[in-house]
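Before any comments, here is the structure.
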Amino acid sequence: MLEIQDFISSNLDNGRVVGSYSLDLSAAFDLLRPDVLYPILCEIIPHDLIAVLMDFLSRRTYKVEVEGIKSETRFLKVGCEQGSILGPRLFTLYMRKLGNLVTSSDIHLTSYADDTYVLISGKDVSEVKEKIEETMLKHDDYLQSIGMKTNVAKTELIYYSRKTINTTPITVKGANISPSKTMKVLGIKFDEHLTWEAQIKDLKRKAMHVINKLKFLSKFINKDIMKRVVTSHFFGMIYYASPVWMNETTTATHWKTLNSLHYRALRSSVRDFTFKWSKDDLNNYFKRATPLKWMRYTCCKMGINLYLLNQAGPPMSTRLRRSAYINDRQPHKVHFMDTSRLKIGKQSLANRLSSMKTIKFDWASGIDKHKLRIELKKTFVDSVIPVL
Numbered sequence: 024m025l026e027i028q029d030f031i032s033s034n035l036d037n038g039r040v041v042g043s044y045s046l047d048l049s050a051a052f053d054l055l056r057p058d059v060l061y062p063i064l065c066e067i068i069p070h071d072l073i074a075v076l077m078d079f080l081s082r083r084t085y086k087v088e089v090e091g092i093k094s095e096t097r098f099l100k101v102g103c104e105q106g107s108i109l110g111p112r113l114f115t116l117y118m119r120k121l122g123n124l125v126t127s128s129d130i131h132l133t134s135y136a137d138d139t140y141v142l143i144s145g146k147d148v149s150e151v152k153e154k155i156e157e158t159m160l161k162h163d164d165y166l167q168s169i170g171m172k173t174n175v176a177k178t179e180l181i182y183y184s185r186k187t188i189n190t191t192p193i194t195v196k197g198a199n200i201s202p203s204k205t206m207k208v209l210g211i212k213f214d215e216h217l218t219w220e221a222q223i224k225d226l227k228r229k230a231m232h233v234i235n236k237l238k239f240l241s242k243f244i245n246k247d248i249m250k251r252v253v254t255s256h257f258f259g260m261i262y263y264a265s266p267v268w269m270n271e272t273t274t275a276t277h278w279k280t281l282n283s284l285h286y287r288a289l290r291s292s293v294r295d296f297t298f299k300w301s302k303d304d305l306n307n308y309f310k311r312a313t314p315l316k317w318m319r320y321t322c323c324k325m326g327i328n329l330y331l332l333n334q335a336g337p338p339m340s341t342r343l344r345r346s347a348y349i350n351d352r353q354p355h356k357v358h359f360m361d362t363s364r365l366k367i368g369k370q371s372l373a374n375r376l377s378s379m380k381t382i383k384f385d386w387a388s389g390i391d392k393h394k395l396r397i398e399l400k401k402t403f404v405d406s407v408i409p410v411l
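Heads up: the sequence shown begins at 24 in our numbering, then just goes up one per residue.
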């Protein structure tokens, strides 16, 4: 999600238009063909390990039982066992050559198991549309060649731009695909202007449903257990992928909505009428940061983790390094430059590290705030100085 957001925001800052599509796969894991996977494994994995993996995929059987009557046992010639640890990894290797679609810097492909998103940038809509039709045709042909079943008619398509643009359906293999205003990427709603309006609206609906259940549940369990319930079932849901959609571009209206949901959940979990709970009381009792403080903390942690995971030098890592300024006289101090004043640019990974300048840890009760802040900064400084 962060890769997709970074590609979109960087291109929109340069005045370009971005188109994105996601092909619909039917029963993806169930159609993995061992004979197609074998030569792919031979290129990257030791032979003795390949034998183990092929044994895992072959000689599997199935039968059906209805009302005590069993069918005969049959062998499965295709498919990878779902729910296994190996499943997603093997499927990722199976789709490895999909990267051949990336023929220029204008095309970006991001995959997570059987979810694949292709992003294409161009100077205008007509150029992007032409590239999408060409790329999608190659994409569909490749998937068909490895035994996957695609439904082009169910393909999701969206155009991202700073301004409202006129879009027309694209045609691939006789199917017309109309662009939509939003696209779900692993459960998060990306809208055409990257404002996150649809995401927060959808989040509010889900959050209110959980809050009503918390109110009912608080009648039967004590406050200590409610802390765990609120953390896992409310904050675990509301902050899912928050480093993507919750950032410095969030509007005052959206912050008001998030704050309202935050305190509604906490108040609904405390049925204590002996005194009036203030907002600070609630935050301290539940050990929760406000949405704004949480955003700044997670953005900084996200930037640091991404940097450490991209030491080899992919494009994202390069942009992260460029946003760090090390003081020559005081090399232990690091500053983060805001390289773009544009609203969309604030959502690119490099620019969002500027959040480090405003981070506070006053909400982290029971923790040495000074030590936590120093450790957070040192993690980045220690890794970035040798590279610079």
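Note that beta-carbon positions come from the ideal geometry of N, C-alpha and C, so glycine has one too.
Exercise. Where does the unbroken beta strand (DSSP E) through T274 begin, and where does it stop?
Worked result: Start at 1 with the first residue of the sequence shown, and residue 274 comes out as number 251. In the DSSP assignment, T274 falls outside any beta strand (DSSP E) and carries neither an H nor an E.
Problem set entry | Where G145 sits in the DSSP three-state scheme | The sequence position of residue 145 within the sequence shown is 122, counting from 1. In this structure, G145 counts as strand in the three-state DSSP scheme.
Problem set entry | Cβ-Cβ separation, G122 to L132 (assumed contact under 8 Å), whole Å | Your numbering for residue 132 matches position 109 in the sequence shown. Your numbering for residue 122 matches position 99 in the sequence shown. With a beta-carbon spacing of about 6 Å, L132 and G122 fall inside the 8 Å limit used to define contacts.
Exercise. If you draw a straight line from the C-alpha of F30 to the C-alpha of S371, how long is it?
Worked result: The residue you call residue 30 lines up with position 7 of the sequence shown. The residue you call residue 371 lines up with position 348 of the sequence shown. A straight-line Cα-Cα distance of about 8 Å links F30 and S371.
Exercise. Any idea which residues DSSP pairs L116 with across the strands?
Worked result: For this step, residue 116 is matched to residue 93 along the sequence shown. Note: L116 sits in no beta bridge, so no partner.
For this session: Alpha carbon to alpha carbon, how far is Y61 from L166? Give it in angstroms, no decimals.
Result: Indexing the sequence shown from 1 puts residue 166 at position 143. Indexing the sequence shown from 1 puts residue 61 at position 38. Distance between the alpha carbons of L166 and Y61 is about 17 Å.
Problem set entry | H131 - partner residues in DSSP beta bridges | By one-based count along the sequence shown, residue 131 stands at place 108. Answer is L142, bridged to H131.
For this session: Measure the Cβ-Cβ separation of M118 and D137 and say whether it is below 9 Å.
Result: For the purposes of this step, residue 118 is taken as residue 95 along the sequence shown, with counting starting at 1. For the purposes of this step, residue 137 is taken as residue 114 along the sequence shown, with counting starting at 1. Taking 9 Å as the Cβ cut-off, M118 and D137 qualify as a contacting pair.
Exercise. Does the region 162 to 179 touch the region 31 to 38, meaning 3 or more C-beta pairs lie closer than 8 Å?
Worked result: Between the region 31 to 38 and the region 162 to 179, the count of Cβ pairs shorter than 8 Å is below three; the stretches do not touch.
Exercise. Just the Cα atoms here: how many angstroms apart are I27 and L142?
Worked result: Start at 1 with the first residue of the sequence shown, and residue 27 comes out as number 4. Start at 1 with the first residue of the sequence shown, and residue 142 comes out as number 119. About 8 Å.
Exercise. Taking contact to mean at least 3 C-beta pairs separated by less than 8 Å, is the region 240 to 250 in contact with the region 276 to 289?
Worked result: With the cut-off at 8 Å, the region 240 to 250 and the region 276 to 289 do not touch.
Exercise. What distance in whole Å lies between the Cβ atoms of K161 and L124, which are believed to be in contact at a cut-off of 8 Å?
Worked result: Position 101 of the sequence shown holds residue 124. Position 138 of the sequence shown holds residue 161. L124 to K161, Cβ: 6 Å. Contact.
For this session: Give the DSSP-derived three-state secondary structure of G259 in the structure shown.
Result: Numbered from 1 along the sequence shown, position 236 holds the residue referred to as residue 259. The DSSP-derived three-state label of G259 is helix.
Problem set entry | Residue environment, P409, which counts as buried when at least 16 other CB atoms sit within 10 Å | Numbered from 1 along the sequence shown, position 386 holds the residue referred to as residue 409. Only weak support exists for where P409 lies, its pLDDT of 37 falling under 50; the value from the coordinates is given anyway. Flag for P409 reads exposed.
Exercise. Is the CB-CB distance between L99 and T84 below 9 Å?
Worked result: Here residue 99 is taken as the residue at index 76 of the sequence shown, counted from 1. Here residue 84 is taken as the residue at index 61 of the sequence shown, counted from 1. Taking C-beta atoms as the reference points, L99 and T84 count as a pair closer than 9 Å.
Exercise. For the beta strand (DSSP E) that R213 lies in, which residues bound it at each end?
Worked result: If you number the sequence shown from 1, residue 213 lands on position 190. Sequence inspection shows Phe at residue 213; the Arg mentioned does not correspond to that position. From DSSP, the beta strand (DSSP E) with F213 extends over 211 to 214.
For this session: Just list the beta strand (DSSP E) runs in the region 55 to 116, keeping only unbroken ones of 3 residues or longer that don't cross its boundaries, in chain order.
Result: Segments of the beta strand (DSSP E) lying fully in the region 55 to 116: 83 to 85, 97 to 99.
Exercise. Whose C-beta lies closer than 7 Å to the C-beta of G336 among residues of the same chain, with five residues either side of it excluded?
Worked result: Taking the first residue of the sequence shown as 1, we reach residue 336 at position 313. In this predicted model, G336 has a pLDDT of only 49, less than 50, meaning its place in the structure is not dependable; the value taken from the coordinates is given anyway. Its chain contains no residue whose beta carbon lies nearer than 7 Å to that of G336 once the 5 sequence neighbours on both sides are disregarded.
Problem set entry | Proximity to Y263 [Cα-Cα], best of E215, N307, L209 | As a working note, residue 263 is residue 240 in the sequence shown. It is L209 whose Cα lies nearest to the Cα of Y263.
Exercise. Roughly how many angstroms separate the alpha carbons of N37 and A74, rounded to a whole number?
Worked result: Within the sequence shown, numbered from 1, the residue matching residue 37 stands at position 14. Within the sequence shown, numbered from 1, the residue matching residue 74 stands at position 51. Roughly 49 Å separates the two Cα atoms.
For this session: Within the same chain, show all residues whose beta-carbon is closer than 7 Å to that of H70, passing over the 5 residues directly before and after it, in chain order.
Result: Position 47 of the sequence shown, counted from the first residue, corresponds to residue 70. Within the same chain, H70 has no close Cβ partners at all.
For this session: Compute the Euclidean distance between the alpha carbons of T126 and Y183, then round it to the nearest angstrom.
Result: Position 103 of the sequence shown, counted from the start, is the residue given in the question as residue 126. Position 160 of the sequence shown, counted from the start, is the residue given in the question as residue 183. The straight-line gap from Cα to Cα measures roughly 21 Å.
Exercise. In its own chain, which residues sit with a C-beta less than 7 Å from the C-beta of S292, not counting the 5 before and 5 after it?
Worked result: Within the sequence shown, numbered from 1, the residue matching residue 292 stands at position 269. For S292, where only same-chain residues beyond five positions count, the Cβ hits under 7 Å are L237, S241, M249, V253.
For this session: Could you please give the first and the last residue of the uninterrupted alpha helix (DSSP H) stretch that includes V267?
Result: Against the sequence shown, residue 267 aligns to sequence position 244. Taken as a continuous stretch (DSSP letters only), the alpha helix (DSSP H) holding V267 covers 265 to 268.
Exercise. Whole-angstrom Cβ separation of M171 and L54, contact assumed at under 8 Å?
Worked result: Your numbering for residue 171 matches position 148 in the sequence shown. Your numbering for residue 54 matches position 31 in the sequence shown. Confirmed, Cβ separation roughly 6 Å.
Exercise. For M159, does the three-state DSSP call read helix, strand or coil?
Worked result: For the purposes of this step, residue 159 is taken as residue 136 along the sequence shown, with counting starting at 1. Shown here, M159 sits in a helix according to DSSP, grouped into three states.
Problem set entry | Distance between D147 and L289 (C-alpha atoms, nearest Å) | Locating residue 289 in the sequence shown gives position 266, counting from the first residue. Locating residue 147 in the sequence shown gives position 124, counting from the first residue. Rounded to whole angstroms, L289 to D147 spans 47 Å at the Cα level.
For this session: Verify whether the separation of the beta carbon atoms of S149 and Y140 is less than 9 Å.
Result: On the sequence shown, residue 149 is found 126 positions in, with the first residue counted as 1. On the sequence shown, residue 140 is found 117 positions in, with the first residue counted as 1. Result no, Cβ atoms of S149 and Y140 do not sit closer than 9 Å.
Exercise. In whole angstroms, what is the alpha-carbon distance linking L315 and L217?
Worked result: Residue mapping note: residue 315 aligns to position 292 of the sequence shown, counting from 1. Residue mapping note: residue 217 aligns to position 194 of the sequence shown, counting from 1. Cα to Cα, the separation comes out at about 19 Å.
For this session: Could you pull the start and end residues of the beta strand (DSSP E) that K366 belongs to?
Result: As a position in the sequence shown, residue 366 is number 343, starting the count at 1. Careful: K366 lies outside any beta strand (DSSP E) and carries neither H nor E.
Problem set entry | F213 and I181 closer than 9 Å at C-beta | Position 190 of the sequence shown, counted from the first residue, corresponds to residue 213. Position 158 of the sequence shown, counted from the first residue, corresponds to residue 181. Taking a C-beta distance under 9 Å as the contact criterion, F213 and I181 qualify as a contact pair.
For this session: Can you tell me which of the three DSSP states T313 falls into?
Result: Locating residue 313 in the sequence shown gives position 290, where the first residue counts as 1. Under the three-state reduction of DSSP output, T313 falls in the coil class, being neither helix nor strand.
Exercise. Quick one: Cα of F309 to Cα of P57, how far?
Worked result: Indexing the sequence shown from 1 puts residue 309 at position 286. Indexing the sequence shown from 1 puts residue 57 at position 34. So the alpha carbons of these two residues sit roughly 51 Å apart.
Problem set entry | Through-space distance from G106 to R15, alpha-carbon basis | This structure gives no information on residue 15, because the portion of the chain shown stretches from 24 to 411.
Exercise. Would you say T191 and K152 are within 9 Å of each other, going by their C-beta atoms?
Worked result: In the sequence shown, residue 191 corresponds to position 168, counting from 1. In the sequence shown, residue 152 corresponds to position 129, counting from 1. Contact: yes.
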